[in-house]
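Chemist: Right, I'll just put the structure down here and ask away after.
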Amino acid sequence: MTPVALDAAIACREEGRSSNTAEIFRVYAGSVSRWARALAGPGADVEDLLQEVFTIVHARHASFRGDSSLSTWLFGITANVVRRRRRGEKLRRWLRGSAQEVAGEVPSSEESALEALERSEARARVYRVLDRMSEKYRNALILFEMEGLSATEIAQLCDAKAGTVWVWLHRARADFLARLKQLEEEEGD
45 MTPVALDAAI ACREEGRSSN TAEIFRVYAG SVSRWARALA GPGADVEDLL QEVFTIVHAR
105 HASFRGDSSL STWLFGITAN VVRRRRRGEK LRRWLRGSAQ EVAGEVPSSE ESALEALERS
165 EARARVYRVL DRMSEKYRNA LILFEMEGLS ATEIAQLCDA KAGTVWVWLH RARADFLARL
225 KQLEEEEGD
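Position in the sequence shown counted from 1, then plus 44, gives you our numbering.
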């Protein structure tokens with residue numbers, strides 16, 4: 045069943061039929077996993093986030109009014125779950141750049157240990173900068189730059205206009221660069 049067909053099936057719920065959480069999971073689990081991985085950053089337990097999202101979906105799908113698409117509703121739940129998880133973690137593995145994390149990454153035969161370390165440090169730096177940004181700009185930047193979604197797709201997920209998403213992206217890029225420069229100055233001291 046396609047996402048559009050699933051949205052239509054859920055609309056039929058109002059006619060007395062119930063929607064199937066298992067079908068929602070089957071159709072959208074891949075998308076929710078990608079969103080959770082991108083929003084939470086490296087080291088996140090994506091399966092745990094996925095389970096939490098679909099636990100909420102199961103509990104609340106009967107109250108889904110259909111004011112927006114099902115994918116928009118699921119993205120909102122995913123973003124909220126990730127936000128709560130990020131706030132609740134005192135020591136985020138992907139922020140501290142610990143030796144265990146670096147040691148856990150086994151370089152490929154074509155990649156030296158130094159290259160793997162540099163890549164890991166660069167990824168940690170990117171997520172440290174992203175962590176300092178507002179959720180709206182952070183999500184837009186991650187979905188566009190890392191997930192490769194178009195502004196139109198992001199607009200649908202965030203229930204906004206495509207033009208608004210382009211403004212968010214412009215501001216997010218400027219904010220990211222300013223915060224990256226600030227972080228580099230802090231680390232240089």
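Just so it is clear, CB atoms sit at the ideal spot from N, CA and C, and this is done for glycine as well.
(1) So, using beta-carbon positions, are L174 and R182 closer together than 8 Å?
(2) Note down, one range per segment and in chain order, each alpha helix (DSSP H) of at least 4 residues found wholly within the segment 152 to 228.
(3) For my contact list, L227 and R167 are in at a C-beta cut-off of 8 Å; report their separation, rounded to the angstrom.
(4) Have a look at S75 and L185 and give me their C-alpha separation to the nearest angstrom.
(5) Grouping DSSP H, G and I as helix and E and B as strand, with all else coil, what is A88?
(6) Among residues of its own chain, excluding the 5 on either side of V90, which ones have a beta-carbon nearer than 8 Å to its beta-carbon?
(7) Nearest CA to the CA of I100: which residue from T122, V209 and A204?
(8) Where does F43 fall in DSSP's three states?
(9) Going by beta-carbon coordinates alone, are V125 and E96 separated by less than 8 Å?
(10) Answer with buried or exposed for S115, where buried requires no fewer than 16 other C-beta atoms within 10 angstroms of its C-beta.
(11) Which word fits L135, buried or exposed, when buried means at least 16 other C-beta atoms lie within 10 angstroms of its C-beta?
(12) By a C-beta neighbour count over all protein chains shown, 10 Å radius and 16 as the cutoff for buried, is A206 buried or exposed?
(13) Looking at L201 and F98, is the spacing between their C-beta atoms short of 8 Å?
Modeler: This is what the structure holds:
(1) yes
(2) Counting whole runs of 4 or more residues, the segment 152 to 228 contains the alpha helix (DSSP H) stretches 157 to 175, 179 to 185 and 195 to 202.
(3) No, L227 and R167 are not in contact; Cβ-Cβ is about 14 Å, not under 8 Å.
(4) 17 Å
(5) coil
(6) The residues are S77, A80, R81 and A84.
(7) T122
(8) Past the boundaries of the shown model lies residue 43; the chain is included only from 45 to 233, so the question cannot be answered.
(9) yes
(10) buried
(11) At L135 the pLDDT is 43, less than 50, meaning the model places this residue with poor confidence; the figure from the coordinates comes in the next sentence. L135 should be labelled exposed.
(12) It is exposed - the Cβ of A206 has fewer than 16 other Cβ atoms within 10 Å.
(13) no
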